[in-house]
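**Q** One structure coming up, written as structure tokens, with questions to follow.
Protein chains: 4
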Amino acid sequence: MAARLIAAGHHVRAWNRSHQAVDDLAAKGALAVATPAEAADAEILCCMLADDAAIRTAILDAGVLESVKRGLVFANCSTISVAFVRELARRCAERGVGYIAAPVLGRPDAAADGKLHMLVAGSSADVERARPVLEVMAQKLWALGEEPECANAVKLAANFMIAATIEQIGEAMELAGAYGVEPTKFLAVITGTIFGSPAVANYGRAIAEQRFQPAGFALKLGAKDVRLTLAAAEEASLPMPVASLLRDRFIAAIARGDGELDWSAITKRR
Amino acid sequence: MAARLIAAGHHVRAWNRSHQAVDDLAAKGALAVATPAEAADAEILCCMLADDAAIRTAILDAGVLESVKRGLVFANCSTISVAFVRELARRCAERGVGYIAAPVLGRPDAAADGKLHMLVAGSSADVERARPVLEVMAQKLWALGEEPECANAVKLAANFMIAATIEQIGEAMELAGAYGVEPTKFLAVITGTIFGSPAVANYGRAIAEQRFQPAGFALKLGAKDVRLTLAAAEEASLPMPVASLLRDRFIAAIARGDGELDWSAITKRR
Amino acid sequence: MAARLIAAGHHVRAWNRSHQAVDDLAAKGALAVATPAEAADAEILCCMLADDAAIRTAILDAGVLESVKRGLVFANCSTISVAFVRELARRCAERGVGYIAAPVLGRPDAAADGKLHMLVAGSSADVERARPVLEVMAQKLWALGEEPECANAVKLAANFMIAATIEQIGEAMELAGAYGVEPTKFLAVITGTIFGSPAVANYGRAIAEQRFQPAGFALKLGAKDVRLTLAAAEEASLPMPVASLLRDRFIAAIARGDGELDWSAITKRR
Amino acid sequence: MAARLIAAGHHVRAWNRSHQAVDDLAAKGALAVATPAEAADAEILCCMLADDAAIRTAILDAGVLESVKRGLVFANCSTISVAFVRELARRCAERGVGYIAAPVLGRPDAAADGKLHMLVAGSSADVERARPVLEVMAQKLWALGEEPECANAVKLAANFMIAATIEQIGEAMELAGAYGVEPTKFLAVITGTIFGSPAVANYGRAIAEQRFQPAGFALKLGAKDVRLTLAAAEEASLPMPVASLLRDRFIAAIARGDGELDWSAITKRR
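Chains A, B, C and D, in that order, are what the protein sequence lines are.
Quick note: to get this note's numbering, add 427 to the position in the first sequence (first position is 1).
Quick note: to get this note's numbering, add 427 to the position in the second sequence (first position is 1).
Quick note: to get this note's numbering, add 427 to the position in the third sequence (first position is 1).
Quick note: to get this note's numbering, add 427 to the position in the fourth sequence (first position is 1).
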């Protein structure tokens, strides 16, 4: 995502916990900086970190919001809890910083090609200010309203749907296989009839081939997203029985040592 | 399906438990007959009945196999249990009747338009004899091998996937809705990004609008198919946790009086 | 159970699919007979067979009801489906045979010691006629009304409770174990506080010691009972989510080859 | 619990967020104090609060550990997360305060009668110092080792077993009821045969009578404990499918407005 910004001519100040990632961007033209606060000395702060804890450490505990200029727009692309979105938005507001939720759908290769879908929510004024930057990183912005948490809820719901689709294909393919139907044959039928979507096609192929490396999205991160989904649902007093079941599938997969595989490995055959 | 055969110039002998259905076909040019045995006095016997019991009554208990000509091909489009498929195939073989499993994917309007997908399994010779008839009723035949039960297993797996998709959309849409995202907005995001398939689009719209009538496929029949799916899986010592969960959802829906609604009504909001 | 009848001075005509069982009883004083019909030439017909299919073969298909004397009381101790109970009761009534459901709670050693609990339902007159025989086999008869299916429903519900208790102990014990609490220590706490019942004590010990042989009740029979439970519940439009989950646990256990172990082996640690 | 300490002649300094509770104890002879720190000015600090957050506020954020005398033993009877137990034990150790986990099994009436079971873990020296106080509050101390988290894990496992028992009885009783067996009759059978434990007897009666008030333990607190159980299990990479299912049952019950009823109300019939 940062590489696309550089390529589009934006001035990018790059910080990451991994030096390698920063060096790679510096080689492409970014200004490598040593702290999140220096990265935030900009018009738009884009952030893509793994979870609530990483952002709490890198942004809140590091005092970034205390040092930035009023008028900054913080476009947070990370998949985080709805509770934390609210806390971030409130603390940004206290500092005169605009907060936009901008999580994305798509795997790393889609990001490189500018094919991400971006789910955007926040005040219209902030979104408009960030739009020129966001549009470089995504093929489409989906406007989801003024409340940042709306975008996060949709992101969690979409990730839940991917995980549920993975599990669903796994069960169906095993059933067909138990009666002698080859996985790739089964996949051809479902994608060729009424289930032909990118999600079914891509994950279906991985499951049919039982090929879970390299990980497009690590299983342990998938487990985190299911946990966030259940937490968001519980806060709304909403039972999500399929999500509960997925949670157990992810935990069992981690217990057998598959946490670093692609999350489609919840369907790994024993 | 029968109307398409008539329109294509085939001689159709029509029987049904409901006289109205037979009369409608007779008006289009079919020969109405009084018994299944008379309908089976043909080159190809096509059958679309609700369940194992209906076929047992109409075909086996009525002695149809005892009266038909050797060489008949019985193309059974019904969604039935894999155990019963085996019994039917064996009893047909004893009488010199070819047995093809030919269940279909698609709702009544797809059938009227010849847009069904047909899952076909049986001996090649039998399939070739029936092909001219089957191709009139479907936009595509999916060849699934020599064993009739393969087609039934794929049909059950596909229906399981539809039911799982319904449940999945229902849970995801409720989560997004709990955070203020309109159902139709959520549906636009998922179909416009990575979940855009006919199954998600069609059922997603019904769920978003909470519109479960008229029933394209009755919830009580969906419950039956989940039951057949679990039975087929159990016979293969295969746990299908999502299918187990769906079973409970269907039973709860029937208990609250929704058995005649479309099966997407398992997501009906209370 | 039969040995206790012999010891109490009753004339017992013994038939079983396994000759060894019959020979053992003959050595104790029973009259070995060659067919179920000969065994049924008595005042009370007691039957303990594995499932619906076994009884259908041994009693109905063998024509036993056609040959017996009017006035016989058929006390069926087998755990069977409620649907089949109804069929048996109806067919007995047509032949002037009284039908009592008399399933038991207790494992083989309890049967040998006369410690079974017997769940009895049927017409009062039939129950009274059979009482002297039934009381020899059980420490207590629990009268559950005039409809035989009531006793079967309670038996299925009780077996469901055992299976659920097994699963529950397994999950709780693993959680405690994950935090360093020995299984036997954990078992002492739960039985010594508020969970001290024979079911928890007996199955808890087996689970703590991971000792699943010899099988007091084979896992594959437990799977059958869960299936009957779910079928009975479905007929009453009643979702039983824990039973659904148990079903998957039993199937997974059978898939890994544990069908002949004691049913507490659904908790076997991998 | 505090009333028993007073009655036994101990000097009790009482603090609570609810003034009424403190006044009641003062009337019995306790010294009412205005802050947790004043209450902790003692030899043994006993604490029974609702959850992690309440203790964080009352103890950690209020700076109690900074003001107490070295050598204090903190006996925490609250049901809290294992993660928080570790944090509390570590922070106590930094201040020279001994930390004992001492959660209890039993409802308010059992506490009043000194019939609680107390699960105790912590260093032997600390446990011995606190023993005279703890023994006044419980009928039995169960020693679970040197690591405080062991007692919390057992407490969570036991509460999970209660919740699972409630659900299990609810499903079984509904099944029997669907076939005409009265709930109290069914309860008599199960408690009179192999399920006769205090947990089954007490909760079984409430479920049979559908009497969920007054709440011995509020459903919303039960939901919290299931959440803590799942979190503890997830930390140990342990799937607990029955606990997952219970979570959904609690959430659904809260959604229909039953959060203040007794937790056995997850079985409330609609």
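No residue lacks a Cβ here, since even glycine has one placed at the ideal position from N, Cα and C.
Please read all numbers here as calculations on a predicted model, not as lab measurements.
Any C-beta of chain A sitting closer than 8 Å to the C-beta of B/GLU601?
**A** Within the second sequence, numbered from 1, the residue matching residue 601 of chain B stands at position 174. True, the Cβ-Cβ gap to chain A drops below 8 Å.
**Q** DSSP state of C/LYS582, grouped into three classes?
**A** In the third sequence, counting from the first residue as 1, residue 582 of chain C sits at position 155. It is helical.
**Q** What is the DSSP secondary structure of B/TYR606, reduced to helix, strand or coil?
**A** Translated into the one-based positions of the second sequence, residue 606 of chain B becomes position 179. Correct three-state label for B/TYR606: coil.
**Q** Let me confirm a value: D/THR506 is counted as buried when at least 16 other C-beta atoms fall within 10 Å, else exposed. Which label applies?
**A** Position 79 of the fourth sequence, counted from the first residue, corresponds to residue 506 of chain D. Result: buried.
**Q** What is the C-beta distance between D/ILE634 and D/ILE596, in whole angstroms, given that I count them as a contact (C-beta under 8 Å)?
**A** As a first step, residue 634 of chain D must be located in the fourth sequence, where it is residue number 207. As a first step, residue 596 of chain D must be located in the fourth sequence, where it is residue number 169. About 5 Å separates the two Cβ atoms, so the contact holds.
**Q** Who pairs with B/VAL531 in a beta bridge, going by DSSP?
**A** Counting from one through the second sequence, the residue named residue 531 of chain B turns up at place 104. B/MET545, per the DSSP bridge assignment.
**Q** Is the shortest distance between the beta-carbon of C/PRO668 and the beta-carbons of chain D less than 8 Å?
**A** For the purposes of this step, residue 668 of chain C is identified with residue 241 of the third sequence, where counting begins at 1. Taking Cβ atoms only, chain D reaches closer than 8 Å to C/PRO668, which makes this a yes.
**Q** Any contact between the region 671–687 of chain C and the region 665–683 of chain B? By contact I mean 3 or more CB pairs, one from each, below 8 Å.
**A** As far as the Cβ criterion goes, the region 671–687 of chain C touches the region 665–683 of chain B, which means the pair count is three or higher.
**Q** Just tell me which of C/TYR526, C/SER508, C/ALA477, C/ILE482 has its CA closest to the CA of C/GLU470.
**A** What you label residue 470 of chain C is simply residue 43 of the third sequence in a count that begins at 1. Nearest of C/TYR526, C/SER508, C/ALA477, C/ILE482 to C/GLU470, Cα basis: C/TYR526.
**Q** On a Cα-Cα basis, can you pick out the residue from D/VAL627, D/ARG654, D/ILE617 that is closest to D/ALA584?
**A** Position 157 of the fourth sequence, counted from the start, is the residue given in the question as residue 584 of chain D. Out of D/VAL627, D/ARG654, D/ILE617, D/ARG654 has the C-alpha closest to the C-alpha of D/ALA584.
**Q** Could you tell me whether the Cβ of C/VAL500 comes closer than 8 Å to any Cβ of chain D?
**A** Taking the third sequence and counting its residues from 1, the one referred to as residue 500 of chain C is at position 73. No, its Cβ sits nowhere closer than 8 Å to a Cβ of chain D.
**Q** Which chain B residues are close to A/HIS544, counting only those with a beta carbon under 7 Å from its beta carbon?
**A** What you label residue 544 of chain A is simply residue 117 of the first sequence in a count that begins at 1. Under the 7 Å cutoff, chain B gives THR620.
**Q** What residues in the region 523–545 of chain C have a beta carbon less than 7 Å from any beta carbon of chain G?
**A** In the structure shown, chain G does not exist; the protein chains are A, B, C and D.
**Q** Terminal residues of the continuous beta strand (DSSP E) containing A/LYS567?
**A** Within the first sequence, residue 567 of chain A is the residue found at index 140, counting from 1. Counting along the chain, the beta strand (DSSP E) containing A/LYS567 begins and ends at 565–570.
**Q** Just the chain B side, please: which residues come within less than 7 Å of C/ASP675 by C-beta, in chain order?
**A** For this step, residue 675 of chain C is matched to residue 248 along the third sequence. Simply PRO666, PRO668, SER671.
**Q** Residue range of the beta strand (DSSP E) that D/LEU672 falls in?
**A** The sequence position of residue 672 of chain D within the fourth sequence is 245, counting from 1. Element bounds for D/LEU672: not the beta strand (DSSP E) but the alpha helix (DSSP H), 668–682.
**Q** List the DSSP bridge partners of A/ASP689.
**A** Position 262 of the first sequence, counting from 1, holds the residue named residue 689 of chain A. Bridge partners of A/ASP689: A/ALA645.
**Q** Are the C-beta atoms of D/GLU661 and some chain A residue less than 8 Å apart?
**A** Numbered from its first residue, the fourth sequence carries residue 661 of chain D at position 234. Yes, contact with chain A.
**Q** By the three-class DSSP mapping on this structure, what secondary structure does A/LEU487 have?
**A** Locating residue 487 of chain A in the first sequence gives position 60, where the first residue counts as 1. If DSSP states are grouped into helix, strand and coil, A/LEU487 belongs with the helices.
**Q** Taking 8 Å as the threshold (C-beta atoms), are B/LEU646 and B/GLY631 in contact?
**A** Translated into positions along the second sequence, residue 631 of chain B becomes position 204. Translated into positions along the second sequence, residue 646 of chain B becomes position 219. Contact flag unset, no.
**Q** Cβ atoms of A/LEU546 and A/LYS582: under 8 Å apart, would you say?
**A** Here the question's residue 582 of chain A lines up with position 155 in the first sequence. Here the question's residue 546 of chain A lines up with position 119 in the first sequence. Yes.
**Q** Is the shortest distance between the beta-carbon of D/GLN595 and the beta-carbons of chain C less than 8 Å?
**A** Sequence index remark: in the fourth sequence, residue 595 of chain D carries index 168 (1-based). For D/GLN595, the answer is yes, since a Cβ of chain C falls inside 8 Å of its Cβ.
**Q** For D/THR592 and C/ALA591, what's the separation of their Cα atoms in angstroms?
**A** The count along the fourth sequence starts at 1 and reaches residue 592 of chain D at position 165. The count along the third sequence starts at 1 and reaches residue 591 of chain C at position 164. About 8 Å.
**Q** Might you give, ordered along the chain, the residues of its own chain that have their beta carbon closer than 8 Å to the beta carbon of A/ASP450, omitting 5 neighbours on each side?
**A** By one-based count along the first sequence, residue 450 of chain A stands at place 23. Cβ neighbours of A/ASP450 beyond the five flanking positions: ALA459.
**Q** Check the DSSP bridge columns for C/LEU458 and list the partner residues they point to.
**A** In the third sequence, the residue the question calls residue 458 of chain C occupies position 31. According to DSSP, C/LEU458 bridges with C/ARG440.
**Q** Can you list, in chain order, the residues of its chain whose CB lies under 8 Å from that of B/PHE644, leaving out five sequence neighbours each side?
**A** Working through the second sequence from its first residue, we reach residue 644 of chain B at position 217. Hits under 8 Å: ARG534, ASP689, TRP690.
**Q** Going by DSSP in three states, A/LEU472 sits in which element: helix, strand or coil?
**A** The residue you call residue 472 of chain A lines up with position 45 of the first sequence. In this structure, A/LEU472 counts as strand in the three-state DSSP scheme.
**Q** Less than 8 Å between the C-beta atoms of A/PHE511 and A/LEU472, yes or no?
**A** As a first step, residue 511 of chain A must be located in the first sequence, where it is residue number 84. As a first step, residue 472 of chain A must be located in the first sequence, where it is residue number 45. No, the pair does not count as a contact, with Cβ atoms beyond the cut-off.
**Q** Of the residues that make up the region 679–696 of chain C, which ones have a beta carbon closer than 8 Å to any beta carbon in chain B?
**A** Answer in chain order: ALA679, ILE681, ALA682.
**Q** Should A/ILE584 be flagged as near chain B, meaning a C-beta pair shorter than 8 Å?
**A** Within the first sequence, numbered from 1, the residue matching residue 584 of chain A stands at position 157. A quick correction: the sequence has Ala, not Ile, at residue 584 of chain A. Chain B contact via Cβ: present.
**Q** Report the start-end ranges of each alpha helix (DSSP H) in the region 497–532 of chain C that is 4 residues or longer and not cut off at the edges.
**A** The region 497–532 of chain C contains these whole alpha helix (DSSP H) runs: 509–521.
**Q** Suppose the cutoff is 8 Å on Cβ atoms and the five residues either side in sequence are ignored; what does the same chain contact list for B/PRO666 look like?
**A** The sequence position of residue 666 of chain B within the second sequence is 239, counting from 1. Result list for B/PRO666: ALA660, in chain order.
**Q** Spatial neighbours of B/ALA537 within its chain, please: CB distance less than 7 Å, with the 5 preceding and 5 following residues excluded, ordered by chain position.
**A** By one-based count along the second sequence, residue 537 of chain B stands at place 110. Here the set comprises LEU543.
**Q** Below 7 Å on C-beta distance, what does D/GLU574 contact in chain C?
**A** If you number the fourth sequence from 1, residue 574 of chain D lands on position 147. Here the neighbours are GLY607.
**Q** Take B/ARG513 and list the residues in its own chain whose beta-carbon comes closer than 7 Å to its own, dropping the five residues that flank it on each side.
**A** Numbered from 1 along the second sequence, position 86 holds the residue referred to as residue 513 of chain B. Closer than 7 Å at the Cβ level, and outside the excluded window around B/ARG513, lie GLU576.
**Q** Count the C-beta pairs between the region 618–627 of chain C and the region 607–625 of chain D that are closer than 8 Å, then say yes if the count reaches three, no if not.
**A** Touching, yes, given that three or more Cβ pairs across the two stretches are closer than 8 Å.
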